[in-house]
Each structure stands twice: as structure tokens, then as C-alpha cells.
Amino acid sequence: MQTLYAFSLSQDKQVKDFEKILLTSVDEVNQMYIWTLNLLDEVAEYVLIDAEGRANKFLPTETDKIYTTKLNSNSFIESLRQNRSYLENVKKYKVSWTFDPEIVRSIFAQLKGSPEYMAYLQQEDRSIAAEKDIIKFIFKKVILKSPEIEQAFETKFINWPVDKEVLQAMIAKTFKNFSSENPGQNKLADLTPSWDEDREFIVELLKQTIRYGAEYQQLISVKTKNWEADRIALVDTLLMRMAICELINFPTIPVKVTINEYIELSKAFSTSKSNTFINGILDKIFAELTQQGRIQKTGRGLKG
1 MQTLYAFSLS
11 QDKQVKDFEK
21 ILLTSVDEVN
31 QMYIWTLNLL
41 DEVAEYVLID
51 AEGRANKFLP
61 TETDKIYTTK
71 LNSNSFIESL
81 RQNRSYLENV
91 KKYKVSWTFD
101 PEIVRSIFAQ
111 LKGSPEYMAY
121 LQQEDRSIAA
131 EKDIIKFIFK
141 KVILKSPEIE
151 QAFETKFINW
161 PVDKEVLQAM
171 IAKTFKNFSS
181 ENPGQNKLAD
191 LTPSWDEDRE
201 FIVELLKQTI
211 RYGAEYQQLI
221 SVKTKNWEAD
231 RIALVDTLLM
241 RMAICELINF
251 PTIPVKVTIN
261 EYIELSKAFS
271 TSKSNTFING
281 ILDKIFAELT
291 QQGRIQKTGR
301 GLKG
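Take the sequence shown: its position 242, counted from the start at 1, is 242 in full-length UniProt numbering, and no numbers get skipped.
Next comes the structure, spelled out in C-alpha cells:
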């Protein structure tokens with residue numbers, strides 16, 4: 001949708017250029033995922049810097065003695081550091097939080113003052129199942145709750161507000177995947193279960209929606225003739241074109257799935273009344289296309 005929006009406003013009408021933009025934006029989600037994992041890695045390593053500062057004190061306190069470097073050898077973090085895919089991606093994306101060292105220091109400062117961290121330091125169980133809990137806490141209760149972290153991600157990743165939800169799902173999947181004491185058996189989360197198929201789908205959806213844009217717009221215009229064209233949000237128009245494209249050109253996607261997906265997108269990205277408007281127009285267009293025999297769905301239950 002975002003790529004089609006950019007295409008519609010651009011003087012450049014080379015579809016290949018926008019195909020590249022689309023795939024780059026998808027890859028940015030994976031990039032954000034690796035940066036986040038690396039941030040957890042860096043926070044764990046920061047305990048060494050903190051320990052050095054405390055060791056240089058003339059008179060260490062009893063509290064200073066409690067703060068060990070245990071987090072740096074956390075079982076989850078150690079498994080991550082031995083993960084080949086993680087290491088390759090850190091190199092590929094040139095990940096380094098040195099551009100803003102205060103980020104790591106700030107996260108650790110918040111962590112250090114929490115009762116959860118104190119409990120972790122006194123915990124004897126070093127299994128990966130037990131040690132994941134403190135890493136989950138750092139991610140959910142510190143990283144995701146800190147305004148300065150939010151700002152850093154928004155600065156670095158333009159689609160952070162939208163992609164944040166996907167990132168959380170990928171991190172959650174990673175915690176689930178990392179369950180073995182053998183690092184070689186722990187896998188990073190994939191962006192999708194089958195990227196090759198999904199890549200083909202999104203590229204084709206983009207191409208077909210552009211190629212038949214005028215035809216789909218005519219279908220929409222007929223059903224919205226009582227509306228002034230400039231009153232219909234561009235996002236609504238693009239969502240309806242995409243939906244029509246799916247209805248006609250993607251036989252394995254159920255009709256209900258298509259319509260429901262675009263209604264949900266309109267709730268997130270358009271006006272408060274867009275979902276009702278889009279639902280009504282798509283229902284009319286679906287009825288017309290069905291009557292014309294242009295909706296050809298394969299498999300049981302795909303027509304409804």
C-alpha cells in the first residue's frame with residue numbers, strides 16, 4: 001500500500017524502481033530485528049564496563065559486590081553470539097550501536113535499578129529456559145517502554161511505528177526458538193514461513209495493481225458515482241484497487257480473507273469511516289465480478 005501510494009504521487013512510473021523499494025522496505029523489518037537482537041547483546045556486554053567502573057572505586061559498597069557480570073554470560077545471549085545467521089546479518093547490515101552509545105548505557109541503568117535484575121543476579125539456574133526471562137524483561141519492559149529508545153528506532157527506521165508490531169512477533173518467536181542448550185539447534189525467527197512464495201505474491205500484487213489500475217478504478221468509479229472524487233481518500237482508492245486485484249488474480253486467496261484484510265488496513269491507515277465505506281463498495285464490486293464470472297477461486301470454501 002505504501003509503495004503504491006508513493007508510485008501514485010511520483011513522476012517516475014518505472015515499476016521496477018518501485019518493486020525494488022517494496023522489497024527494500026520488507027528487508028528493513030529484518031534489519032530492525034537484527035539491530036534489536038544486537039541491542040540486547042550490547043546491553044549484556046555493558047556489564048563489563050559497569051563492573052570495571054565499580055572495581056575502580058576506592059571503597060566498593062556491599063551493593064557493588066552484588067552486581068556481577070553474570071548477564072554477559074547469559075545462556076540466551078551466549079547462544080545468540082554463536083548463531084551463524086545472527087553474526088552474518090550483523091555484518092551484512094553493519095550493525096553498531098556506537099552511533100549512540102548512550103542508548104546502551106541508558107537501558108542498562110534502567111535494568112540495574114529493577115528488582116527483576118537483582119532477582120536474576122541471585123538466581124542459580126543457568127539453563128537457557130530460566131535465563132531467557134531477564135532478556136524478555138529487558139526487551140518488553142525496558143526497550144519497548146523507553147521514549148529515547150523509541151526515538152532512536154524512529155530515527156533509524158522510517159516505518160518503525162508500523163513495523164514495531166511485526167518486530168515484537170519476531171522477537172517472541174526467537175525466545176520460543178531458543179530452547180536448546182545446544183546453540184547450533186537454536187534458530188532465528190524468519191520474517192515469513194515461506195519468503196520465496198510471499199516475495200512472489202507481493203511483487204505480483206504490486207505489478208498487477210499498477211498494470212490494471214485504470215480498469216480497477218473504473219469499477220470503483222461506477223460504484224462511487226454519487227461521491228465527489230476528491231472526497232475519496234487516496235489510501236481508500238488504493239486499498240480497493242489492491243482488493244480487486246486479489247479477487248480477480250489470486251485464486252487461492254479466499255474472498256472473505258481479502259475483504260477483511262483491506263477493511264483492517266483501512267482502520268489502521270485511513271479515516272474513521274473508511275472501513276464501512278470500503279466494505280460497502282467492495283461488496284458491490286464482488287457481486288458484479290461474480291455475476292460476470294471473473295471471480296475464479298480454487299479449493300473448498302474459497303468463494304465465500
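All C-beta atoms in this analysis are idealised placements derived from N, C-alpha and C, irrespective of residue type, glycine included.
Between the options, which has its C-alpha nearest residue i's C-alpha?
i    : options                   : result
S127 : L39, F178 and V142        : F178
F18  : F7, Q11, R231 and E28     : F7
Q2   : D236, I103 and Y33        : D236
I66  : S114, Q122 and L9         : Q122
A119 : L71, S79 and K156         : L71
K136 : N279, V222, T174 and A214 : T174
V90  : Q218, V104 and D41        : D41
Assign residue i to one of two classes, buried (16 or more other C-beta atoms within 10 Å of its C-beta) or exposed (fewer than that).
i    : result
E131 : buried
Q31  : buried
F99  : exposed
D163 : buried
N182 : exposed
W35  : buried
R241 : buried
Check residue i in the structure and name its three-state DSSP category.
i    : result
W227 : coil
F94  : In the sequence as displayed, the identity of residue 94 is Lys instead of Phe. Coil at K94, not helix or strand.
Q292 : coil
R126 : coil
M1   : coil
T192 : coil
I202 : helix
T68  : coil
In chain order, what residues of the same chain have a beta carbon less than 7 Å from the beta carbon of residue i, not counting five sequence neighbours either side?
i    : result
N249 : Q208
S75  : R126, S127, I128 and E131
V142 : I107, Q110 and L111
T24  : none
L48  : T69 and N72
I281 : I220, K223, T224 and M240
A44  : L71, N72, N74 and I77
Between residue i and the rest of its own chain, which residues show a CB-CB distance below 6 Å, the 5 nearest in sequence each way excluded?
i    : result
K187 : N177
E246 : I253 and T258
F269 : V235
By Cβ distance below 8 Å, which residues in the same chain neighbour residue i in space, the five residues on each side in sequence not counted?
i    : result
G304 : Per-residue confidence for G304 stands at a pLDDT of 49, beneath the threshold of 50, marking its modelled position as unreliable; the derived number appears in the next sentence. Same-chain partners within the cutoff: P254, V255 and K256.
A51  : Y67, T68 and T69
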